[in-house]
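Sequence lines, in order, name chains A and B.
First residue of the first sequence: 1, per full-length UniProt numbering; consecutive thereafter.
First residue of the second sequence: 1, per full-length UniProt numbering; consecutive thereafter.
We put the beta carbon where it would ideally sit given N, CA and C, even for glycine.
Bear in mind that the values here come from a model prediction, so they are computed numbers and not experimental data.
Presented below is the structure to which this report refers.
Protein chains: 2
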Amino acid sequence: MSSDDANPNPLLSERIRIALADEITAGTLVAGQPLDEQQIGDRFGASRTPVREALRQLAAASLVEIRPRRGAIVAGFTAERIVEMFEMTAEIEAMCVRLAAWRMTPIERSRLARLHDESEEMVANNDIDGYDRLNWEFHRTIYEGTHNSFLAEQAIALRDRMAAFRRTQLRESGRPVRSRGEHEKVLEAIMRGDGEEAARCMRAHMFNASIALERLTAKREPTSNN
Amino acid sequence: MSSDDANPNPLLSERIRIALADEITAGTLVAGQPLDEQQIGDRFGASRTPVREALRQLAAASLVEIRPRRGAIVAGFTAERIVEMFEMTAEIEAMCVRLAAWRMTPIERSRLARLHDESEEMVANNDIDGYDRLNWEFHRTIYEGTHNSFLAEQAIALRDRMAAFRRTQLRESGRPVRSRGEHEKVLEAIMRGDGEEAARCMRAHMFNASIALERLTAKREPTSNN
DNA sequence: ACATCCCCTAGTGTATGCAAGATCGTTTCT
DNA sequence: AGAAACGATCTTGCATACACTAGGGGATGT
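Quick look at the structure:
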């Protein structure tokens, strides 16, 4: 999302939606803070209409909460809630990888292995953005490997919402190396067709990511947000 | 959604959203059919603005597809896609019940058992709507039993989208009895705290529901409605 | 006849205006 | 003085108006 901003989509509402989503996940906008339509519109040089659409979209992604006739506020991203989101993500990923281990075609499996190989270079160069991009491709290939396009769509949507957190988490020193090692375990289980084991490895992978994020945010945010 | 329509919310966009969602899940609106904003607005005596908001909401629920500057069309609800949705629902439900079996408090467990007991009467009287309502409560109690409110929200949202299909599926003769029997197996596993077994039972439960729906629609599908 | 280009139209994306509801301060009554 | 009621103001929800893009149909050239 941050890697390829060659988005030729000139839709104002989309741009506003992306920008607000980034600011919310990045913590620039504090939880509970009211979002005034006019004010946001001014900030982006737009009228209230596209802002409204963006806010509705964000509400559907539960990044903001809309109280009818009472305005929108930034949804509460307490540490507890982030942990919950990570747990759900972990379970969804585990579900996907379990199905994928059973259903992926040989071609899909080889693509997955190739992506994993390519990521080695990124890790060696400590190229966070590059690794994040390959990471995304790796997981997306698994989603598609479920051969359930509805599930894949939902997984992608969920991952999009978590994008900022996932990226942040990679900034912990040494995390990319360990992340890649965890991927390797998942990959091996997939190759063996052992769905249950792959699911367990994936759960562990996401759990570790969650812990890494927690350590990072605990360090630089001793502030209490409610 | 169908049980308590005592919705005092006078928001036009909400009413339109609900109405369109019903028509789509009921099959009144055929897949791929373009949804003209002006035309829909006229039909509801509203302007394009609330219609647009409703369409965006529906797009977020993937009931319609919006192509930028090219309008919205009813999302494809092919039999294949419905199966995919049921599979994902099954996996989500399985995930929830697995977590719930480990985490539910004694009070929550007893509430679940009580709901199951009460449903016996509904099944005996062949009260589809009543059973559907208790069914909903049963599953919702499981969602909350995961003690992960984010997961619970997502599960509820997903279930809402499937509401029409789930209700339809119960109309197959003898289905409520079997549905309740499947619930019983799930309940027993939860009571034993056996999450994995509960998950397996729940998957089977949803799979059977999916099959029942398929049999029903296959019977009356050969009609083209428009 | 077929392909290409252009214009036209239908329909979306955005801006603005207006009315109803919610919040908050003030006033008034007990 | 405290509480309830009232009104001013601000913000949302909806309607209307305008701009711009995509797709289609017709004309033109090969």
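Using a beta-carbon distance below 7 Å, is Leu151/A in contact with chain B?
-> Taking the first sequence and counting its residues from 1, the one referred to as residue 151/A is at position 151. True, the Cβ-Cβ gap to chain B drops below 7 Å.
Have a look at Thr217/B, Leu187/B, Gly193/B and flag the residue whose alpha-carbon is nearest the alpha-carbon of Arg111/B.
-> Position 111 of the second sequence, counting from 1, holds the residue named residue 111/B. Taking only the C-alpha atoms, the option nearest Arg111/B is Leu187/B.
With burial defined as no fewer than 16 other Cβ atoms inside 10 Å of the residue's Cβ, what is the status of Glu53/B: buried or exposed?
-> For the purposes of this step, residue 53/B is identified with residue 53 of the second sequence, where counting begins at 1. Buried, because 16 or more other Cβ atoms sit within 10 Å of the Cβ of Glu53/B.
Can you list, in chain order, the stretches of the alpha helix (DSSP H) that have 4 or more residues and sit fully within the segment 49-115 of chain A?
-> 79-103
CA-CA distance, Arg215/B and Thr168/B?
-> Taking the second sequence and counting its residues from 1, one reaches residue 215/B at position 215. Taking the second sequence and counting its residues from 1, one reaches residue 168/B at position 168. Near 11 Å, if we compare the C-alpha coordinates of Thr168/B and Arg215/B.
Under 7 Å between C-beta atoms, does Ala60/B make it to chain A?
-> Within the second sequence, residue 60/B is the residue found at index 60, counting from 1. Cβ-Cβ to chain A under 7 Å: yes for Ala60/B.
Any C-beta of chain B under 7 Å from that of Leu11/A = Your numbering for residue 11/A matches position 11 in the first sequence. Yes, because at least one Cβ of chain B sits closer than 7 Å to the Cβ of Leu11/A.
Give a yes or no on whether 7 Å exceeds the smallest Cβ distance from Arg70/A to chain B.
-> What you label residue 70/A is simply residue 70 of the first sequence in a count that begins at 1. Not closer than 7 Å to any Cβ of chain B, the Cβ of Arg70/A fails to qualify, so no.
Where Val74/B falls, given that 16 or more other Cβ within 10 Å makes a residue buried | In the second sequence, residue 74/B corresponds to position 74, counting from 1. Buried, by the Cβ-count rule.
Beta-carbon proximity check, Leu35/B vs Ala72/B, cutoff 7 Å = Numbered from 1 along the second sequence, position 35 holds the residue referred to as residue 35/B. Numbered from 1 along the second sequence, position 72 holds the residue referred to as residue 72/B. Yes, the pair counts as a contact, with Cβ atoms nearer than the cut-off.
DSSP three-state assignment for Pro34/B, whether helix, strand or coil = For this step, residue 34/B is matched to residue 34 along the second sequence. Strand at Pro34/B.
Would you say the segment 62-72 of chain B touches the segment 174-187 of chain B, given that touching needs at least three Cβ pairs under 8 Å?
-> no
Hey, is Met104/B's beta-carbon within less than 7 Å of any beta-carbon in chain A?
-> By one-based count along the second sequence, residue 104/B stands at place 104. So no, Met104/B is outside the interface.
Give the single residue among Pro50/A, Leu58/A, Ser210/A, Asp127/A whose Cα lies nearest to the Cα of Ile24/A.
-> Counted from its first residue, the first sequence places residue 24/A at position 24. Residue Leu58/A is the option with its Cα nearest to Ile24/A.
Where Asn125/B sits in the DSSP three-state scheme | Working through the second sequence from its first residue, we reach residue 125/B at position 125. Coil, per DSSP.
If you run the structure through DSSP and keep just helix, strand and coil, what is residue 227/A?
-> What is shown of chain A runs 1 to 226, which leaves residue 227/A out entirely.
By Cβ distance below 7 Å, which residues in the same chain neighbour Asp194/B in space, the five residues on each side in sequence not counted?
-> Walking along the second sequence from the start, residue 194/B turns up at place 194. Excluding residues within five positions, the ones whose Cβ falls inside 7 Å are Ala101.
If we ignore side chains and look at the alpha-carbon of each, how far apart do Ala26/B and Arg171/A end up?
-> Here residue 26/B corresponds to residue number 26 of the second sequence, with the count starting at 1. Here residue 171/A corresponds to residue number 171 of the first sequence, with the count starting at 1. One C-alpha to the other measures close to 48 Å.
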